[in-house]
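Just below is one structure, and these are the notes that go with it.
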Amino acid sequence: MTHKWHEPKHKKSDIRCLTVNGDTTSHIAQLLLNRGIQLREEAQAYLYPDSMPTIDPYTEFTDLLEAVDIIQDCIDNSKKITVCGDYDADGMTSTAVLIRALRHCGAIVDYVIPSRMTDGYGINERIVDECSKDAVDTIITVDNGISAKDAIDWAVTCAMRVIITDHHDLPEILPLAHAILNPKLLDEYSPYRSLAGVGVAYILAISVCARLGKLQGIVKPLMELFTIGTIADMASLTGVNRRWVKRGLHYLAKSDVVGIQAILCCMNEKHKERTGYSLEGMTPDTIGFKIAPRINAIGRIGNPQTVIELLTTESSEQAYSLAIELEECNEERKELCEQIEREAIEIIESDLKNDLLKNRILCLIRRGWHHGVIGIVASRLVERYGVPVFIATFDEDDLDHARGSARGIPDFNVYDALSCCDDIFEKYGGHPMAGGFTLPVDGWDAAVDRLTRYSKTALRSSQIGTRITIDATISLTDIDDNFVAQLKQLQPFGVGNSEPIFRANNVHTWEQKILGKGLKFSVWNSNDDSATGLKAISWSLGERFPLPSCCDIVFKIKENTFRGEASIQLEVIDFKEVTVGGIPCKRRKTTS
């Protein structure tokens, strides 16, 4: 599928409104407008988030006082607390946040993580029964619990107190918990509305530490874990998330958490020498593409307890040993993903590709694929083919039931699609862009038929294919150190504050080299013979080698640091060949 390029247009008067004081260029003003920022006061809050006052969380979370009271009672009277987490990065960092904070305050606290293989998502009655047998007084759920009414109500019946910290959508009837902290209960304009599970756990943890006069030495490590979990869960970097993640990235570059130090050390190819990982330029990309996959790999195919122990230990030796487990598990996860992706592409190219435009959906099932990683593969297939993907698998231990993952595209609601198979699926859940499901294997064909009919109704053929939203068209000569410095002020980038994508027209390419699945090359303005070229890299264009000698490109602007020297590098996402009268432009002569 080809990429569709889209560039929003703005009135010149709106751009002038944001550039009138002279410290914002027209290109930066356009980026702000693309993010819904129209007034100078809004731009000030966006560019300098620490300058804005913070709303007291007690005024927003009405059950926060009750939750802190319960935890203080447990600490004062030596009552047992169990934290019930989840097996993804958000759930594991949430668990680590509360474990570190409660131990810091002297609590008797343990944790439990449901098994992806046998329990599925969230707290359940088996976990409640085990807590009851262990004489637990209070259960605190993190990143789950809001939809577990039966399990929560059973815990209350068993004379345990329950605090729910979660961020998922609210059910029609809430569980009978003693306190519920969920940003979905807040006003849609609340600065806390965009919190992930780890953000809610962070607020509770800090509030308890503040109540007991135990803030010293705990805020920095908790904010580092908050930052990792927030970015890993792809939470919107708006509201307090933007302020705290910006601060957390600064802390992470000089982390004192031995578990984080160990992860960064093992990310180095020479980790056996304990040489460490360069922390220059810690960004959301470092977390999203390097740290989070290592944490999530354990939750997908290993034991999540490894991550909790890693992020809560004070022993450097133990941390390093556990980080090596993460590294090995992540390598296994990558191999599984690549194998399944290859097999899925073979199926699509041989049997399904001709029907993509007609069906506007991909549905695949195969025995033996690891269900812990098929969601990653589904996301990659969406990027490749630009249609919603539903992928399922089953294994030798249970040939009758399949488990699946779904990933969507804009204009297609995954949860609504799953709902149309309510009578076929045994269990399902999700949100507009992703979901999961289980069903009898013999119901697969009926589910595919139902999902295909839904897709044909929900999507037009013009809506399929991947779409690239361009922030601004610029000349390569505009890209200098000053422009890069202004872009840095817009960080951190992520969901809700996407990294800017630019377009440059009529650029020449040369020195092209294949780099794995990508390309490494140089570019310069075709109409400027005196210009110096810029280095460029692409992670996905290797199969389209060689690029045309003259083309329009869309790209992100990166700073590449090598041996302490920083240089500007373009990360090219896509290109279109430039022609004149239907004839491709010829490469200009160069002495390079």
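To convert, note that position 311 of the sequence shown is 319 in this note's numbering; the numbers rise steadily by one, no gaps. Idealized CB from N, CA, C, for every residue including glycine. Note that this is a predicted model, so its numbers are computed, not measured.
- When secondary structure is reduced to three states using DSSP, glycine 502 falls in the strand class.
- Counting only the Cα atoms, isoleucine 23 lies some 10 Å from lysine 17.
- Counting along the chain, serine 123 sits inside no alpha helix (DSSP H), nor does DSSP assign it H or E at all.
- For the alpha helix (DSSP H) assignment, the uninterrupted runs of no fewer than 4 residues enclosed by the segment 20-54 are, from N- to C-terminal side, 20-27 and 34-42.
- Annotation for lysine 228: the continuous alpha helix (DSSP H) segment containing it runs 227-240.
- About 6 Å separates the beta carbons of leucine 72 and leucine 189, which is inside the 8 Å limit, making them a contact pair.
- The Cβ-Cβ distance between aspartate 479 and phenylalanine 510 falls below 8 Å.
- By the Cβ-count criterion, serine 155 is buried, with 16 or more other Cβ atoms from all chains shown falling within 10 Å of its own Cβ.
- Cβ-Cβ separation between serine 102 and glycine 205: approximately 5 Å, consistent with a contact (criterion under 8 Å).
- Following the DSSP letters along the chain, one finds tryptophan 162 in no beta strand (DSSP E) but inside the alpha helix (DSSP H) bounded by residues 157-165.
- Between methionine 100 and glycine 307, the alpha-carbon positions lie close to 9 Å from each other.
- If you look at arginine 388, you'll find it in the alpha helix (DSSP H) that goes 382-393.
- Under the Cβ criterion (8 Å, minimum of three pairs), the segment 168-177 counts as touching the segment 141-148.
- Note on geometry: alpha-carbon atoms of threonine 149 and leucine 106 lie some 10 Å from one another.
- Under the DSSP assignment, arginine 134 falls outside any beta strand (DSSP E), being part of the alpha helix (DSSP H) whose first and last residues are 133-141.
- By the Cβ-count criterion, phenylalanine 583 is buried, with 16 or more other Cβ atoms from all chains shown falling within 10 Å of its own Cβ.
- CA-CA distance, alanine 53 to aspartate 81, rounds to 39 Å.
- Under the three-state reduction of DSSP, tryptophan 252 is assigned to helix.
- For lysine 342, the uninterrupted alpha helix (DSSP H) segment begins and ends at 324-355.
- For isoleucine 522, the CB contacts under 7 Å within the same chain, skipping 5 residues up- and downstream, are Gly550 and Phe553 in chain order.
- Below 8 Å, too few C-beta pairs join the segment 354-366 and the segment 448-459 to call them touching: fewer than three.
- In the structure shown, the three-state DSSP call for isoleucine 482 is coil.
- At the C-beta level, alanine 109 and valine 265 stay beyond 8 Å of one another.
- Counting only the Cα atoms, arginine 201 lies some 30 Å from isoleucine 565.
- Boundaries of the alpha helix (DSSP H) harbouring tyrosine 210: 205-219, taken from the DSSP string.
- Inclusion of cysteine 429 and leucine 467 in the CB contact set at 8 Å is not warranted, their separation being larger than that value.
- Contact annotation: isoleucine 476 and valine 395 have beta-carbon atoms that are not nearer than 8 Å.
- For histidine 112, no beta strand (DSSP E) run applies; the uninterrupted alpha helix (DSSP H) run containing it begins and ends at 97-112, by DSSP.
- The beta carbon of alanine 115 lies closer than 8 Å to those of Ile79, Cys82, Ile83 and Ile89 in the same chain, with the five residues before and after it left out.
- Around valine 381, the same chain offers Arg308, Ile309, Arg341, Leu344, Cys345 and Ile348 as residues with beta carbons nearer than 8 Å, after the five sequence neighbours per side are excluded.
- Inter-residue distance for glutamine 471 and aspartate 419 is about 7 Å (C-alpha atoms, whole angstroms).
- In the structure shown, the three-state DSSP call for lysine 262 is coil.
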